[in-house]
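These notes concern the structure reproduced below.
2 protein chains.
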Amino acid sequence: MTKTFDVSPLLRSDLPPAALKWTGFPKYNFVGGHNDADSVPVADLVAAATRVLNREGSTLSMYGLHSGPLGYRPLREFLADKLARDAGIRCSPDEILITSGSLQGLDLVNSVFVGPGDAVIVEEMTYAGTITRLQRMGARIVGVPVDAQGLSAHALRSALEALRAEGVRPKFIYTIPTVQNPTATVMPEARRREILALSTEFGVPIFEDECYADLVWDGERPQALRGMVDDDQVVHIGSFSKSIAPALRLGYIVASWALMSRILPMKTDGGSGALEQMVLAEYCREHFTPHVAALRRTLRGKAEALMAALRARFGNAVEFEDPAGGIFLWVKFPATVDTTRLAQLALQAGVAINPGAEWMTDMQAGKVRARICFAHSPAENIREGIGVLAEVCHREFGVPVREAKGHR
Amino acid sequence: MTKTFDVSPLLRSDLPPAALKWTGFPKYNFVGGHNDADSVPVADLVAAATRVLNREGSTLSMYGLHSGPLGYRPLREFLADKLARDAGIRCSPDEILITSGSLQGLDLVNSVFVGPGDAVIVEEMTYAGTITRLQRMGARIVGVPVDAQGLSAHALRSALEALRAEGVRPKFIYTIPTVQNPTATVMPEARRREILALSTEFGVPIFEDECYADLVWDGERPQALRGMVDDDQVVHIGSFSKSIAPALRLGYIVASWALMSRILPMKTDGGSGALEQMVLAEYCREHFTPHVAALRRTLRGKAEALMAALRARFGNAVEFEDPAGGIFLWVKFPATVDTTRLAQLALQAGVAINPGAEWMTDMQAGKVRARICFAHSPAENIREGIGVLAEVCHREFGVPVREAKGHR
Numbered sequence: 001m002t003k004t005f006d007v008s009p010l011l012r013s014d015l016p017p018a019a020l021k022w023t024g025f026p027k028y029n030f031v032g033g034h035n036d037a038d039s040v041p042v043a044d045l046v047a048a049a050t051r052v053l054n055r056e057g058s059t060l061s062m063y064g065l066h067s068g069p070l071g072y073r074p075l076r077e078f079l080a081d082k083l084a085r086d087a088g089i090r091c092s093p094d095e096i097l098i099t100s101g102s103l104q105g106l107d108l109v110n111s112v113f114v115g116p117g118d119a120v121i122v123e124e125m126t127y128a129g130t131i132t133r134l135q136r137m138g139a140r141i142v143g144v145p146v147d148a149q150g151l152s153a154h155a156l157r158s159a160l161e162a163l164r165a166e167g168v169r170p171k172f173i174y175t176i177p178t179v180q181n182p183t184a185t186v187m188p189e190a191r192r193r194e195i196l197a198l199s200t201e202f203g204v205p206i207f208e209d210e211c212y213a214d215l216v217w218d219g220e221r222p223q224a225l226r227g228m229v230d231d232d233q234v235v236h237i238g239s240f241s242k243s244i245a246p247a248l249r250l251g252y253i254v255a256s257w258a259l260m261s262r263i264l265p266m267k268t269d270g271g272s273g274a275l276e277q278m279v280l281a282e283y284c285r286e287h288f289t290p291h292v293a294a295l296r297r298t299l300r301g302k303a304e305a306l307m308a309a310l311r312a313r314f315g316n317a318v319e320f321e322d323p324a325g326g327i328f329l330w331v332k333f334p335a336t337v338d339t340t341r342l343a344q345l346a347l348q349a350g351v352a353i354n355p356g357a358e359w360m361t362d363m364q365a366g367k368v369r370a371r372i373c374f375a376h377s378p379a380e381n382i383r384e385g386i387g388v389l390a391e392v393c394h395r396e397f398g399v400p401v402r403e404a405k406g407h408r
Numbered sequence: 001m002t003k004t005f006d007v008s009p010l011l012r013s014d015l016p017p018a019a020l021k022w023t024g025f026p027k028y029n030f031v032g033g034h035n036d037a038d039s040v041p042v043a044d045l046v047a048a049a050t051r052v053l054n055r056e057g058s059t060l061s062m063y064g065l066h067s068g069p070l071g072y073r074p075l076r077e078f079l080a081d082k083l084a085r086d087a088g089i090r091c092s093p094d095e096i097l098i099t100s101g102s103l104q105g106l107d108l109v110n111s112v113f114v115g116p117g118d119a120v121i122v123e124e125m126t127y128a129g130t131i132t133r134l135q136r137m138g139a140r141i142v143g144v145p146v147d148a149q150g151l152s153a154h155a156l157r158s159a160l161e162a163l164r165a166e167g168v169r170p171k172f173i174y175t176i177p178t179v180q181n182p183t184a185t186v187m188p189e190a191r192r193r194e195i196l197a198l199s200t201e202f203g204v205p206i207f208e209d210e211c212y213a214d215l216v217w218d219g220e221r222p223q224a225l226r227g228m229v230d231d232d233q234v235v236h237i238g239s240f241s242k243s244i245a246p247a248l249r250l251g252y253i254v255a256s257w258a259l260m261s262r263i264l265p266m267k268t269d270g271g272s273g274a275l276e277q278m279v280l281a282e283y284c285r286e287h288f289t290p291h292v293a294a295l296r297r298t299l300r301g302k303a304e305a306l307m308a309a310l311r312a313r314f315g316n317a318v319e320f321e322d323p324a325g326g327i328f329l330w331v332k333f334p335a336t337v338d339t340t341r342l343a344q345l346a347l348q349a350g351v352a353i354n355p356g357a358e359w360m361t362d363m364q365a366g367k368v369r370a371r372i373c374f375a376h377s378p379a380e381n382i383r384e385g386i387g388v389l390a391e392v393c394h395r396e397f398g399v400p401v402r403e404a405k406g407h408r
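Chains as they are written, first to last, in the working numbering: chain A, 1 to 408; chain B, 1 to 408.
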């Protein structure tokens, strides 16, 4: 019998744990940032794919098409117009880099700024993927509280002063101002000005992540922080994952050439997927705005179904704010509940939720919170799933004290 | 006047130099691994896109479609069949990971094995992108000579013995056995067995890169090294960039679950582009084999045009072997020529070639070599471009001694 060649002694010693095999999606899938399947504009994407491929398909023979490393030019032109219209950002198409999702935008910006031991300021409640990335890079993560208007200016001042007293200059302030992840708030203009003033006073740039910004319910959004400055005091990233479809893997970075020229050499992937770029540029020109308006209505309906289900099954035992938009709800449980344990047990019962500990810089504080995504599941599935969650929570933690009256 | 916020003091100090602005392609573009524009199967890609999107487009709403993190299952099923048929690799679709080009395959495999100071064995003449990646990772690159049959077994033995005497166990032997980059040789079966035996004897796994393997002119290729073992003694990567189109950014890793489960957590991109995966799976089922057969004929014609142009303009001043397939020619110049300087001057004259120093672990030895790609340019453009190259070379280095007779 042939001895199996064992490569494990040769692997690096600092690898993450081995992956588990994928076994499909949970029945009640309230994680992952997936979107509403019926909202994918299939027919219009087919039409766009047909037109653009017939017109330009031969350019697939070149790395970078005929547009170079910043990405497919018509998509960057669409984005420059869209950002001006929706985000109040004035930039040229050559100040936009198309990335493989905003995840790659995160990675690229981090890669030029952050080294082991470097301090980075983030919102105390923030995107779990940002926390894990910064941890893997050995960064010193400084979490700053948020309130109903987003990142707290006075708490940010305190954090910056404390770091200055240590002689530490953080690399940037990472903020998700428009449909904050996970709290779903929108930072109003006045708060943005305060945050910018602190950035100027302390000489710390801002890394602005607006990947959910298209999903504000009423379509009204304050000017992006990037739009309020003329230069790289603010680096901005965005995404098409939430507005069109996450599997496409398309996002973008907005930066002036001084910074972009340092970011580009870190993007060593030979370009982001060309088909997505071509099809989206073709599709978005005509369809983006009405598509997203319809999507918001759909998502708002699901958000309301989730909130109704939580009120029906948990009553006053949980707290949450109406989200300003987006795809998730940030829910606070009583102190007796450990949401990490709740998430484990719920998953066994087919319900997937995000434990708050993964979404907070203070993991302990996160143990009473959970992020529950609503974009993917149909309303009936949301109702059933929250019902199952309530049963699990009641059995393990005695919360809700008694099953709230209401439909199962 | 507003002072510009200068982020440069906050950037990491170890960044690559700033990128230059992209100014379009050179007139005679003999670099970059681009492909033949007319060979892109546009009509069939449109048909495939239409069918697959109409059938499954709503699955774009999920990260990973309905297939999980290994990638779109029908594409992995196509690949499992294709690898069995073309490469003699027996693997299940769940031993295949779809990557964003084989570049990501390179990065992922490197990321689980290689740390600063780790020794990695590569062919002395190898893919420039591999050299730069390993350098950036701080690896100790050990180059081993190649001959007409690829990686030299006796030179590999010497290298392994020397490392063993130092108490060093290299992480892997990186080899491009089928249409080697840049020498375009094909490693015959007997040599593969020798290399495998050395891998077994010294306990060093093989990292096999077959991204050009579909482009062997006569379609005959020896069994992949991966096919000659049952386990992760060989990790295998491949690509669709050379067979279909580089801008699509689709490649794959073949590894058993023991190793794949360690690689997967390093792929933190939310999935590779779904459109490309869906369209290619749909297209390739029917069309891959005849498409590639036609493409090989086209590429062979261009290879012959390049070789004829070199003989016509340089005569005996340069040496090259007939490539067994692929998209490039590896050309040796006389010792009086510095191909790094030649490449700089030629670029000013509109001709882009790859200086050999970037394709050899011994950069000095590379100064008399150049890699010249032929896949993209039409034959007439090849002839003209080589004419310009000869003029530049003659002017700067006196080579060729006199312009060879022949058409301009």
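Cβ atoms here follow ideal geometry from the backbone N, Cα and C, with glycine treated the same way.
Going by other Cβ atoms of all chains shown within 10 Å of its Cβ, with 16 needed for buried, is residue 316 of chain B buried or exposed?
exposed
Does any residue of chain A have a CB that is nearer than 9 Å to the CB of residue 408 of chain B?
Caution applies to residue 408 of chain B, whose pLDDT of 48 falls short of 50 and renders its modelled position unreliable; the value that the coordinates give is listed next. So, not an interface residue.
On the CB-based measure, 16 or more other CB atoms within 10 Å of its CB, does residue 74 of chain A come out buried or exposed?
buried
Would a check of beta-carbon distances place residue 192 of chain A closer than 9 Å to chain B?
no
Mind checking which residues open and close the beta strand (DSSP E) that includes residue 239 of chain A?
234-239
Residue-level contact to chain A via CB, residue 216 of chain B, 9 Å cutoff
no
The beta strand (DSSP E) spanning residue 123 of chain A covers which residue range?
119-123
Given a cut-off of 9 Å on the beta-carbon distance, is the pair residue 103 of chain A and residue 270 of chain B in contact?
yes
Buried versus exposed call for residue 336 of chain B [16 or more other C-beta atoms within 10 Å across all chains shown]:
exposed
Closer than 9 Å to chain A by CB, residue 394 of chain B
no
By the criterion of Cβ-Cβ separation under 9 Å, what are the contact partners of residue 92 of chain B in chain A?
Here the premise fails: no neighbours, minimum Cβ distance about 12 Å.
What did DSSP end up calling residue 44 of chain A once you bin it into helix, strand or coil?
helix
Count the other CB atoms within 10 Å of the CB of residue 66 of chain B; is the residue buried (16 or more) or exposed (fewer)?
exposed
Beta-carbon of residue 66 of chain A versus every beta-carbon of chain B: anything under 9 Å?
yes
Quick check on residue 154 of chain A: buried or exposed, where buried means 16 or more other Cβ atoms within 10 Å of its Cβ?
exposed
What does a CB cutoff of less than 6 Å around residue 388 of chain A pick up in its chain, not counting 5 residues either side in sequence?
349, 351
Please report the Cβ distance between residue 152 of chain A and residue 142 of chain A, rounded to the nearest whole angstrom; I am assuming they are in contact, meaning their Cβ atoms lie under 8 Å.
Their Cβ separation, rounded to whole angstroms, is 13 Å, which puts residue 152 of chain A and residue 142 of chain A out of contact at 8 Å.
Threshold first: 3 residues or longer. Then list the beta strand (DSSP E) segments lying entirely within the segment 158-209 of chain A, N to C.
173-175, 206-209
Selection from A/355, A/280, A/12 that minimises the alpha carbon distance to residue 119 of chain B:
A/12
Per-residue burial, residue 178 of chain B [other beta carbons within 10 Å of its own, 16 or more giving buried]:
buried
Would you say residue 145 of chain A faces chain B, with C-beta separation under 9 Å as the test?
no
Name the two residues that bound the continuous alpha helix (DSSP H) containing residue 3 of chain B.
Run containing residue 3 of chain B: none; DSSP gives neither H nor E here.
In whole angstroms, give me the CA-to-CA distance for residue 108 of chain B and residue 207 of chain B.
12 Å
Considering Cα atoms alone, identify which of A/309, A/137, A/235 is closest to residue 173 of chain A.
A/235
For the beta strand (DSSP E) holding residue 97 of chain B, just list the boundary residues, first then last.
96-99
In this structure, does DSSP put residue 57 of chain A in helix, strand or coil?
helix
Residue interval of the beta strand (DSSP E) (run including residue 252 of chain B)
251-254
Give the C-beta separation of residue 245 of chain A and residue 40 of chain A to the nearest angstrom, bearing in mind that I take them to be a contact with Cβ-Cβ under 8 Å.
5 Å
Give the residues of chain A in contact with residue 19 of chain B, contact being defined as C-beta atoms less than 7 Å apart.
261, 264, 265
Is residue 22 of chain B close to chain A? Criterion is C-beta to C-beta, closer than 9 Å.
yes
Distance between residue 169 of chain A and residue 81 of chain A (C-alpha atoms, nearest Å)
35 Å
Contacts around residue 19 of chain B, its chain only, beta-carbon distance under 6 Å, and the 5 residues preceding and following it disregarded:
none
Determine the closest residue to residue 162 of chain B out of B/267, B/202, B/340, B/132, with distance taken between C-alpha atoms.
B/202
Since residue 216 of chain A contacts residue 186 of chain A with CB under 8 Å, what's their CB separation in whole angstroms?
6 Å
What does DSSP give as the partner residues of residue 328 of chain A in its beta bridges?
A/373
If you reduce the DSSP assignment to three classes, tell me which class residue 360 of chain A lands in.
strand
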